[in-house]
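Undergrad: Got a structure for you, written out below as structure tokens; questions coming shortly.
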Amino acid sequence: MLLEENKPLAPFTTLGIGGPARWFTVARNESEVAEAAAWARERSISLFVLGGGSNLLVSDSGFSGLVVQVGLPGINESAGRDGTIMFEVSAGEDWDAFVQRAANKNCAGIECLAGIPGTVGGTPVQNVGAYGQEVASTIHRVRAFDLAQHAFVEFSAEECGFAYRRSRFNTDDRGLYVVTRVDYRLTPGGVPTLRYADLQRAFLPGSSPSLKEVAEAVRRIRQSKGMLLVDGDLDCRSAGSFFKNPVVAEEQVQKIAAIGGTRPPRFPAGPGAENEGRVKVPAAWLIEQAGFSKGYTLGAAGVSRRHTLALINRGGATASDILALADQINSAVSERFGITLEMEPVMLGF
Ligand SMILES: Cc1cc2nc3c(=O)[nH]c(=O)nc-3n(C[C@H](O)[C@H](O)[C@H](O)COP(=O)(O)OP(=O)(O)OC[C@H]3O[C@@H](n4cnc5c(N)ncnc54)[C@H](O)[C@@H]3O)c2cc1C
Numbered sequence: 151m152l153l154e155e156n157k158p159l160a161p162f163t164t165l166g167i168g169g170p171a172r173w174f175t176v177a178r179n180e181s182e183v184a185e186a187a188a189w190a191r192e193r194s195i196s197l198f199v200l201g202g203g204s205n206l207l208v209s210d211s212g213f214s215g216l217v218v219q220v221g222l223p224g225i226n227e228s229a230g231r232d233g234t235i236m237f238e239v240s241a242g243e244d245w246d247a248f249v250q251r252a253a254n255k256n257c258a259g260i261e262c263l264a265g266i267p268g269t270v271g272g273t274p275v276q277n278v279g280a281y282g283q284e285v286a287s288t289i290h291r292v293r294a295f296d297l298a299q300h301a302f303v304e305f306s307a308e309e310c311g312f313a314y315r316r317s318r319f320n321t322d323d324r325g326l327y328v329v330t331r332v333d334y335r336l337t338p339g340g341v342p343t344l345r346y347a348d349l350q351r352a353f354l355p356g357s358s359p360s361l362k363e364v365a366e367a368v369r370r371i372r373q374s375k376g377m378l379l380v381d382g383d384l385d386c387r388s389a390g391s392f393f394k395n396p397v398v399a400e401e402q403v404q405k406i407a408a409i410g411g412t413r414p415p416r417f418p419a420g421p422g423a424e425n426e427g428r429v430k431v432p433a434a435w436l437i438e439q440a441g442f443s444k445g446y447t448l449g450a451a452g453v454s455r456r457h458t459l460a461l462i463n464r465g466g467a468t469a470s471d472i473l474a475l476a477d478q479i480n481s482a483v484s485e486r487f488g489i490t491l492e493m494e495p496v497m498l499g500f
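With my numbering applied, the sequence shown covers 151 to 500.
Below is the structure:
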């Protein structure tokens, strides 16, 4: 295990913000994960697991513990008895590269999740989702190192407790596991998911696009919204959506509509008993109705010029700048609609 000291974290995040990690190491295999965990435990130092840094806001003063960047490589494929293909993917693999590989092999289940930045190990943490798909519906098993028991464990999808942008890894068991491998069960020759209007509009009515074409369309749509990492594109210097879409009761939608003078667009609330009879209201709509438009700026922080939900580093922004803008937005939304938006990115070192 190679340990570095006072390693700047900003270059490891898509926002490009944050102070140094007191200690830093890259784990390239499971033994190095266990070794890093033992090193931190023996010294009573807190440990933070870093993937691609695409859902992360690091404080300006950095982090006083050990950052373990998960860099485990490797993908194994095997045919299931039910005609599916199991992909056992090590946590350090690039997520979008894996989506591309699955689409090239004509395997369905994650085509709408093309272009999401970050690592494979990051995907179960907040149950990544976009354009009508979530990883929860294809994950079969998650292998992880249990930092309390100091042993490797495996979870079935049910045991992961997936819900909208949630799992056991970012709720009850936050910070307790280092995910080292995720097994996805994909369907060869399956039909692409075309649930979202944006995506449907990319194809002629009645056409049957391939999985690869759908994944490519998703990347194009994401790029048009600054939601694809593209060198030199200022609008993608973000952590993706900064706020979650609130899931509310139907009566609250009526109230929001009365205040806004028009009905908010509705997204399906997604699976899960807790979502029954509830509606997902686009946070972007609430933010716009509260007076913020694309391209709004506050010092070096700003709202993306192409997506109201993404807060960006316009150049030289600090974590405090981003939080000041987030606070301003949240106060305005709360004042107008009585809804407190929940932040999506993980905060480190605050
Ligand atoms: C331009 C842009 C667009 C985005 N679009 C979407 C989108 O459409 N949908 C969506 O859901 N998200 C989106 N995101 C957010 C982000 O890409 C995902 O949440 C991604 O899965 C984060 O993975 P990561 O490897 O970068 O994790 P990091 O940002 O490094 O870490 C995020 C959290 O996951 C934990 N973590 C990471 N890896 C592991 C591991 N191996 N074991 C245990 N814990 C781990 C970290 O400790 C941290 O708590 C977007 C981000 C950007 C910048």
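In this text, a Cβ means the ideal position worked out from N, Cα and C, and glycines have one as well.
Note that the coordinates shown come from a computational prediction; the quantities given were computed from them, not determined experimentally.
Return helix, strand or coil for S306, following the three-state DSSP convention.
TA: Start at 1 with the first residue of the sequence shown, and residue 306 comes out as number 156. Strand, per DSSP.
Undergrad: Determine the direct distance from the alpha carbon of L165 to that of G202, and round the result to whole angstroms.
TA: The sequence position of residue 202 within the sequence shown is 52, counting from 1. The sequence position of residue 165 within the sequence shown is 15, counting from 1. Spanning the two alpha carbons is a distance of roughly 11 Å.
Undergrad: Measuring only the C-alpha atoms, how far is D385 from R456?
TA: For the purposes of this step, residue 385 is identified with residue 235 of the sequence shown, where counting begins at 1. For the purposes of this step, residue 456 is identified with residue 306 of the sequence shown, where counting begins at 1. Near 7 Å, if we compare the C-alpha coordinates of R456 and D385.
Undergrad: Relative to the alpha-carbon of A188, which residue among A253, Y346, G242 and F295 has its alpha-carbon at the smallest distance?
TA: Position 38 of the sequence shown holds residue 188. Cα-wise, what sits closest to A188 is F295.
Undergrad: Which residues in the same chain have their Cβ closer than 6 Å to the Cβ of A423, if we skip the five residues on either side of it in sequence?
TA: Translated into the one-based positions of the sequence shown, residue 423 becomes position 273. Residue placement at A423 is poorly supported in this model, since its pLDDT is 47, which falls under 50; the coordinates still yield a value, given next. No residues qualify anywhere along the chain.
Undergrad: Secondary structure at F312, three-state DSSP: helix, strand or coil?
TA: As a position in the sequence shown, residue 312 is number 162, starting the count at 1. Correct three-state label for F312: coil.
Undergrad: Assuming G340 and A258 form a contact by the criterion Cβ under 8 Å, report the distance between their Cβ atoms to the nearest whole angstrom.
TA: Counted from its first residue, the sequence shown places residue 340 at position 190. Counted from its first residue, the sequence shown places residue 258 at position 108. Right, the Cβ-Cβ distance comes to about 3 Å (below 8 Å), so this counts as a contact.
Undergrad: Checking the sheet assignment: what are the DSSP bridge partners for T447?
TA: By 1-based counting over the sequence shown, the position of residue 447 is 297. According to DSSP, which records beta bridges pairwise, T447 is partnered with G452.
Undergrad: Whose CA, out of M497, F319 and I437, lies closest to the CA of E485?
TA: Within the sequence shown, residue 485 is the residue found at index 335, counting from 1. Among M497, F319 and I437, the Cα nearest to that of E485 belongs to I437.
Undergrad: So what does DSSP say about P432, is it helix, strand or coil?
TA: Residue 432 sits at position 282 when you count from the first residue of the sequence shown. If DSSP states are grouped into helix, strand and coil, P432 belongs with coil.
Undergrad: For V176 versus G271, is the C-beta spacing smaller than 9 Å?
TA: The count along the sequence shown starts at 1 and reaches residue 176 at position 26. The count along the sequence shown starts at 1 and reaches residue 271 at position 121. Their beta carbons are not under 9 Å apart, which means V176 does not touch G271 by this criterion.
Undergrad: In whole angstroms, give me the CA-to-CA distance for S454 and P495.
TA: The residue labelled residue 454 in the question sits at position 304 within the sequence shown. The residue labelled residue 495 in the question sits at position 345 within the sequence shown. Their Cα atoms are separated by approximately 16 Å.
Undergrad: Whose C-alpha, out of V208, Q373, F174 and A280, is nearest the C-alpha of D471?
TA: Here residue 471 refers to the residue found at position 321 of the sequence shown. Minimum Cα distance to D471 is reached at V208.
Undergrad: With distances taken Cα to Cα, identify the nearest neighbour of I406 among R369, G488, E238 and W173.
TA: Locating residue 406 in the sequence shown gives position 256, counting from the first residue. Taking only the C-alpha atoms, the option nearest I406 is G488.
Undergrad: Around the C-beta of N463, are 16 or more other C-beta atoms found within 10 angstroms, so that it is buried, or is it exposed?
TA: On the sequence shown, position 313 is the one that residue 463 refers to. So N463 counts as buried.
Undergrad: Excluding the five sequence neighbours on either side, which residues of its own chain have a C-beta within less than 6 Å of the C-beta of G224, listed in chain order?
TA: Position 74 of the sequence shown, counting from 1, holds the residue named residue 224. For G224, where only same-chain residues beyond five positions count, the Cβ hits under 6 Å are S240.
Undergrad: Which term fits S317, buried or exposed, when burial requires 16 or more other beta carbons within 10 angstroms of its beta carbon?
TA: Reading the sequence shown from its first residue, position 167 is the one you call residue 317. That one is buried.
Undergrad: Count the other CB atoms within 10 Å of the CB of E192; is the residue buried (16 or more) or exposed (fewer)?
TA: Along the sequence shown, read from residue 1 onward, the residue named residue 192 stands at position 42. Its Cβ having fewer than 16 others within 10 Å, E192 is exposed.
Undergrad: By alpha-carbon positions, which one of S228, L206 and S196 ends up nearest to T101?
TA: Since the first residue of the chain shown is 151 and the last is 500, residue 101 is not available in this structure.
Undergrad: Reducing DSSP to helix, strand and coil, say where E494 ends up.
TA: By one-based count along the sequence shown, residue 494 stands at place 344. Correct three-state label for E494: coil.
Undergrad: Below 7 Å CB to CB, which residues in the same chain sit around N156 once its five sequence neighbours on both sides are set aside?
TA: Position 6 of the sequence shown holds residue 156. These residues qualify, in order along the chain: P170 and R172.
Undergrad: Using only alpha-carbon positions, find the residue among A229, P359 and V292 that is nearest to Y327.
TA: For this step, residue 327 is matched to residue 177 along the sequence shown. It is V292.
Undergrad: Does A186 pass the burial test, meaning 16 or more other C-beta atoms within 10 Å, or should it be called exposed?
TA: Your numbering for residue 186 matches position 36 in the sequence shown. With 16 or more other Cβ atoms within 10 Å, it is buried.
Undergrad: For the alpha helix (DSSP H) that contains E363, what are its first and last residues?
TA: Translated into the one-based positions of the sequence shown, residue 363 becomes position 213. Where E363 is concerned, the enclosing alpha helix (DSSP H) stretches over L361 to S374.
Undergrad: From Q350 to F198, what distance separates their C-alpha atoms?
TA: Within the sequence shown, residue 350 is the residue found at index 200, counting from 1. Within the sequence shown, residue 198 is the residue found at index 48, counting from 1. Cα to Cα, the separation comes out at about 40 Å.
Undergrad: Helix, strand or coil: which one does DSSP assign to N256?
TA: Taking the first residue of the sequence shown as 1, we reach residue 256 at position 106. Correct three-state label for N256: coil.
Undergrad: Look at the Cβ atom of G282, then the Cβ atom of T321, and state whether they are nearer than 9 Å.
TA: For the purposes of this step, residue 282 is identified with residue 132 of the sequence shown, where counting begins at 1. For the purposes of this step, residue 321 is identified with residue 171 of the sequence shown, where counting begins at 1. Their beta carbons are not under 9 Å apart, which means G282 does not touch T321 by this criterion.
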